[in-house]
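Counting in the working numbering, the final residue of the sequence shown is number 512, and the numbers go up one at a time with none missing.
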Amino acid sequence: MVVTKKSFPDLVYLNGEWLSHDSAYVSVFDRGYMLGDGIYEVIPVYKGKPFALEGHMTRFQNGLNAVAIDFNVGDLQPLLLECLRRSSLDSSDAAIYVQVTRGVAPRTHFFPEGVRPSILLYAYPITLKGFESKLAGVIVSEDIRWHRCDIKSISLMANVQANNEAHRQGVLENLLSRDGYITEGSHTSVFFVKDNTVYTHPEGHHILPGITRKVVIGLCEKLGFAFKEEAVRTDEMKYVDEVFLTGTTVQITAVTSVRVDGNEVFKTEDGGPLTKRLQRAFIDYVAAEIDR
Ligand SMILES: Cc1ncc(COP(=O)(O)O)c(C=O)c1O
Numbered sequence: 221m222v223v224t225k226k227s228f229p230d231l232v233y234l235n236g237e238w239l240s241h242d243s244a245y246v247s248v249f250d251r252g253y254m255l256g257d258g259i260y261e262v263i264p265v266y267k268g269k270p271f272a273l274e275g276h277m278t279r280f281q282n283g284l285n286a287v288a289i290d291f292n293v294g295d296l297q298p299l300l301l302e303c304l305r306r307s308s309l310d311s312s313d314a315a316i317y318v319q320v321t322r323g324v325a326p327r328t329h330f331f332p333e334g335v336r337p338s339i340l341l342y343a344y345p346i347t348l349k350g351f352e353s354k355l356a357g358v359i360v361s362e363d364i365r366w367h368r369c370d371i372k373s374i375s376l377m378a379n380v381q382a383n384n385e386a387h388r389q390g391v392l393e394n395l396l397s398r399d400g401y402i403t404e405g406s407h408t409s410v411f412f413v414k415d416n417t418v419y420t421h422p423e424g425h426h427i428l429p430g431i432t433r434k435v436v437i438g439l440c441e442k443l444g445f446a447f448k449e450e451a452v453r454t455d456e457m458k459y460v461d462e463v464f465l466t467g468t469t470v471q472i473t474a475v476t477s478v479r480v481d482g483n484e485v486f487k488t489e490d491g492g493p494l495t496k497r498l499q500r501a502f503i504d505y506v507a508a509e510i511d512r
């Protein structure tokens, strides 16, 4: 499963204005453009309803606070729904991209004072249905990211390099290995199943606290699965029974092939039994949440 083509959204919200994508401009001195100095979030929308909005907004606020960008994400809430309405996505499956940068100022490494953050958001249609029948291949490479991967920074150089390598090799994701342990994917969280126990890397500075990851951990508990927030060694992947990715867009996607240095260390024909039960439970959970 390889994602290729994307198109621009018709409409974007930029600093108080609703604009077509080709007339939305920021200053070259916006610190997001110049320094990657900003935080972003991607929120899934099922049938026009944002899912796990509170979790996404809390993570967004935490990220902004962590880098001292003075912005209250509560101000965005009405804009998200307005964006869906204006984009005619208020009854569709979609995603909302939102970013806040420190704003426009003469270039300095220190934080400038008295600068207004720049806000960009837009919604775009995505296919959320049918994720449970998708199968993904992954490769593994060294995790060269910084030590605050819990902050959803718009500076994604290491992530895009990693994912580009996966794309180049015709697979969906690149799992990242730090000090001999798998942390997460370039844009997904990763779970392993071994002897009917589900494993994923613990929260901390070396992974993003995935919102889907949290939902899946809750489902493991609900289903009575043994679960350990414990990192899996990169050289142990050949012994695992199941591998799956989680994330806003992939939801829960089964991994059927893991290649390390060109060698396939894990291979299955289909998603494993625990992955399938979690996928089913996830579908039910989302349906119940959006009907609430
Ligand atoms: C590095 C990384 N890990 C994990 C995830 C999954 O997070 P979520 O489930 O909140 O989409 C993402 C999503 O963008 C990501 O970029």
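Each residue gets a CB set at the ideal place from its N, CA and C atoms; glycine is no exception.
Which same chain residues, not among the five before or five after residue i, have their C-beta less than 6 Å away from its C-beta?
i	result
Y419	F412, K448, E450 and V452
V223	Only weak support exists for where V223 lies, its pLDDT of 48 falling under 50; the value from the coordinates is given anyway. Same-chain partners within the cutoff: there are none.
Y262	Reading off the sequence shown, one finds Val at residue 262, where the question assumed Tyr. Cβ within range, chain order: A315, Y317 and T468.
P264	F271, A315 and T468
I427	C369, T403, E404 and H421
L439	L498 and A501
G256	I374 and S375
G491	A474
T476	L355 and T488
Below 7 Å CB to CB, which residues in the same chain sit around residue i once its five sequence neighbours on both sides are set aside?
i	result
M221	Note on M221: pLDDT 49, under 50, position unreliable in the model; the coordinate value appears next. Cβ within range, chain order: K354, L355, A356 and L392.
L299	Y233 and L341
V506	Y266 and F271
G430	S409, T466 and G467
P229	H241, S307, Y342, A343 and Y344
A382	S361, N394, L396 and S406
A378	I364 and R365
S311	K267 and G268
Please name the residue or residues paired with residue i in a DSSP beta bridge.
i	result
D250	V324
P395	The displayed chain sequence assigns Leu, not Pro, to residue 395. DSSP, once it has assigned bridges, lists V360 and G405 as partnering L395.
W238	Y233
R479	I359 and E484
K269	Y266
L341	Y233 and V318
I259	V320 and S373
V418	V413 and F447
T466	S409 and I472
R453	Y401
On a CA-only basis, which of the options is nearest residue i? Give me that one, please.
i	options	result
W366	H329, G334, L376 and Y266	L376
A286	L439, A474, L443 and H425	H425
N483	F330, D257 and T454	T454
E441	F331, M457, R306 and T417	T417
T432	D310, E462 and Q471	Q471
V436	L494, Y401, Q381 and M457	L494
D415	E462, H276, I359 and L443	E462
S247	G492, S406 and R322	R322
F464	A446, A378 and F486	F486
G400	L239, I364 and A386	I364
K496	D230, N379, P326 and A474	A474
K458	V480, G444 and F445	V480
D290	G444, V358, S311 and V320	V320
P337	L239, D295 and E489	D295
E274	K434, S243, S312 and E456	K434
D504	L443, T278 and V478	L443
Q297	M277, G491, T476 and S227	M277
L309	E456, I259 and L231	L231
A237	I339, F445, I259 and G492	A small fix is needed here, since residue 237 is Glu in this sequence, not Ala. Taking only the C-alpha atoms, the option nearest E237 is I339.
N292	S243, I259, S311 and G350	I259
Y245	K226, V324, S311 and D313	V324
F330	S311, G350, A288 and T476	A288
CB-CB under 8 Å to residue i, same chain, minus the five flanking residues each way: which ones, in chain order?
i	result
R500	E352
E362	L396, S397 and R398
I510	Y266, K267, K269 and F271
A386	V358, I359, L392, E393, N394 and S406
V380	S406
P326	F249 and P332
T328	none
R512	none
A508	none
Which residues neighbour ligand 1 when neighbourhood means a C-beta less than 5 Å away from any of its non-hydrogen atoms? List them by chain order. E404, H407, S409, L428, G430, I431, T432, G467 and T468
Is there contact here, the stretch 384 to 399 with the stretch 342 to 351, by at least three beta-carbon pairs under 8 Å? no
Is the number of C-beta pairs between the stretch 280 to 289 and the stretch 369 to 376 that are closer than 8 Å three or more? yes
Meets three-Cβ-pair contact criterion under 8 Å: the stretch 300 to 313 and the stretch 243 to 260: no
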